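**Student:** Mind the numbering: the sequence shown is residues 11 to 280 in our numbering, read in order.
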Amino acid sequence: MKKIVKILWLMGVGALMMFASNSSALEVLRMSTTTSTENSGLLAVLNPVFETQHNVKLEVIAVGTGKALAMGAQGDVDVVFAHAPAAELNYVKSGDFIDRSAVMHNDFVIVGPTSDPANIAASKTIEEALRSIAEIEASFISRGDDSGTHKKEKLLWKKAGVAPSGDWYVDVGQGMGAVLNIANEKLAYALTDRGTQIAFADKISLKVLFEGDVNLFNPYHVMAVNPKKHPGSRYDLAIKYIQFVTSKRGQEIIADFRKGGQQLFYPDAE
11 MKKIVKILWL
21 MGVGALMMFA
31 SNSSALEVLR
41 MSTTTSTENS
51 GLLAVLNPVF
61 ETQHNVKLEV
71 IAVGTGKALA
81 MGAQGDVDVV
91 FAHAPAAELN
101 YVKSGDFIDR
111 SAVMHNDFVI
121 VGPTSDPANI
131 AASKTIEEAL
141 RSIAEIEASF
151 ISRGDDSGTH
161 KKEKLLWKKA
171 GVAPSGDWYV
181 DVGQGMGAVL
191 NIANEKLAYA
201 LTDRGTQIAF
211 ADKISLKVLF
221 EGDVNLFNPY
231 HVMAVNPKKH
241 PGSRYDLAIK
251 YIQFVTSKRG
261 QEIIADFRKG
271 GQQLFYPDAE
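1. Please work out which residues of its chain come closer than 6 Å, Cβ to Cβ, to ALA72, disregarding the five sequence neighbours upstream and downstream, and give them in chain order.
2. LEU186 bridges to which residues according to DSSP?
3. Buried or exposed: SER125, going by 16 or more other Cβ atoms within 10 Å of its Cβ?
4. At which residue ranges does the region 204-268 contain complete beta strand (DSSP E) runs of 3 or more residues, listed in the order of the chain?
5. On the CB-based measure, 16 or more other CB atoms within 10 Å of its CB, does PRO277 come out buried or exposed?
6. At a cut of 8 Å, does the region 107-126 reach the region 196-204 through at least three beta carbon pairs?
7. Can you tell me which of LYS77, PHE150 and ALA170 puts its alpha carbon nearest to the alpha carbon of ALA198?
8. Express the C-alpha separation of GLU145 and LYS250 in angstroms, rounding to a whole number.
9. Leaving aside the five residues before and after GLU163 along the sequence, list all residues of the same chain whose C-beta is less than 8 Å from its C-beta, in chain order.
10. In the region 120-154, which residue ranges form an unbroken alpha helix (DSSP H) of at least 4 residues, counting only runs that do not cross its ends?
11. Compare the C-alpha of VAL180 against each of LEU166, LYS168, GLU147 and ASP212 and name the closest.
12. Residues in the same chain with beta-carbon distance under 6 Å from GLY260, minus the five sequence neighbours each way, listed in chain order, please.
13. When you compare only the Cα positions, how much space is there between GLN273 and ASN57?
14. Where DSSP assigns a beta bridge to ASP41, which residues make up the other side?
15. Got a sec? Which residues, its chain only, sit under 7 Å from LEU247 by beta carbon, not counting five neighbours each side?
16. Got a sec, what are the start and stop residues for the alpha helix (DSSP H) VAL55 sits in?
17. Excluding the five sequence neighbours on either side, which residues of its own chain have a C-beta within less than 8 Å of the C-beta of SER33, listed in chain order?
18. If I follow the unbroken alpha helix (DSSP H) through VAL102, where does it start and stop?
19. Roughly how many angstroms separate the alpha carbons of GLY185 and SER50, rounded to a whole number?
20. State the start and end residues of the unbroken beta strand (DSSP E) segment that holds ASP177.
21. Could you give the distance in angstroms between the alpha-carbon of ASN228 and the alpha-carbon of ALA173?
22. Grab me the residues of GLU137's own chain with a C-beta within less than 6 Å of its C-beta, minus the 5 sequence neighbours each way, in chain order.
23. Using only CA atoms, which one of GLY76, SER142, ASN100 and PHE267 lies nearest to LYS161?
24. Kindly list the residues whose CB is nearer than 7 Å to the CB of ILE192, restricted to its own chain and excluding five residues on each side of it in sequence; keep chain order.
25. Can you pull the DSSP bridge partners for HIS115?
26. Report the option in ASP86, HIS115 and THR135 whose CA atom is closest to the CA atom of ALA94.
27. Could you tell me the boundaries of the alpha helix (DSSP H) in which ALA198 lies?
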């Protein structure tokens, strides 16, 4: 009996040592990305495949795009996955990011209550839709967090010739999922990427009321933090991730990812 107990004890110790050895063998890749990317559910499907293939642990920090880009520029992460082209290119030009690659796209839409008080469903352009909302001061929830979606929203208001302000325009400073929940509670309008809208479609009563304008195109890119500026960054792992998400396998996972039978993102890697 004592011999059996000893054998079992030794087996247990061996298993723990093996687990510790395997755990310590995992390398860590730090990635900052947007809340809309995270909220869509895509990364929960995409990243585990990469982790298994390369024996890497991905630490994902989901924040507004502005903060995600800033974290990369500060060297706090190794790779950045974002959707704010103009801002991304500024960081590339300043030498903070390298190997910027197109990954996928979807588009932005305006959601709102089925009653559609501003009648934006009848609008022919996004500018017309936003002016209609502003004219009647219909409730509008803005992310207000310097995210890619917020940057796009500000650009669209500017194109519409409107400087939104007043009680009807609520700047919440939160992520996409939180904004949709708040807009749902207040029966308000909101700009959202289609991926998050589809992911939340069965959780909220808001409907897509305006879509299809060319100005609502929403491209996503991935970039490595420049190791020349931040020697501590794991460029070796970052480039592996970039190669993975732009590879045939990565692009297939993106194309096949669906919620409620609907495709959320469309591959863009050449």
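Each residue gets a CB set at the ideal place from its N, CA and C atoms; glycine is no exception. As the structure is a prediction and not an experimental result, all values here were calculated from the model.
**Tutor:** On the basis of the data shown:
1. THR43, THR45 and GLU48
2. Checking the displayed sequence, the identity of residue 186 turns out to be Met instead of Leu. According to DSSP, which records beta bridges pairwise, MET186 is partnered with nothing at all.
3. exposed
4. 217-220 and 227-235
5. buried
6. yes
7. PHE150
8. 50 Å
9. SER152, ARG153 and LEU201
10. 136-146
11. GLU147
12. PHE254
13. 18 Å
14. Residue identity differs from the one stated: residue 41 is Met in this sequence, not Asp. Answer is VAL70 and VAL89.
15. Excluding residues within five positions, the ones whose Cβ falls inside 7 Å are GLU37, LEU39, VAL66 and ASP88.
16. Start and end: 52-64.
17. Note that SER33 scores 46 on pLDDT, short of 50, meaning its location in the model is unreliable; the coordinates nonetheless yield the value given after this. The beta carbon of SER33 lies closer than 8 Å to none in the same chain, with the five residues before and after it left out.
18. 95-103
19. 12 Å
20. That residue, ASP177, is in no beta strand (DSSP E); it is neither H nor E in DSSP.
21. 22 Å
22. LYS169 and ALA170
23. GLY76
24. ILE151 and VAL182
25. PRO229 and TYR276
26. Here the closest residue by C-alpha is HIS115.
27. Taken as a continuous stretch (DSSP letters only), ALA198 belongs to no alpha helix (DSSP H), as it is neither H nor E.
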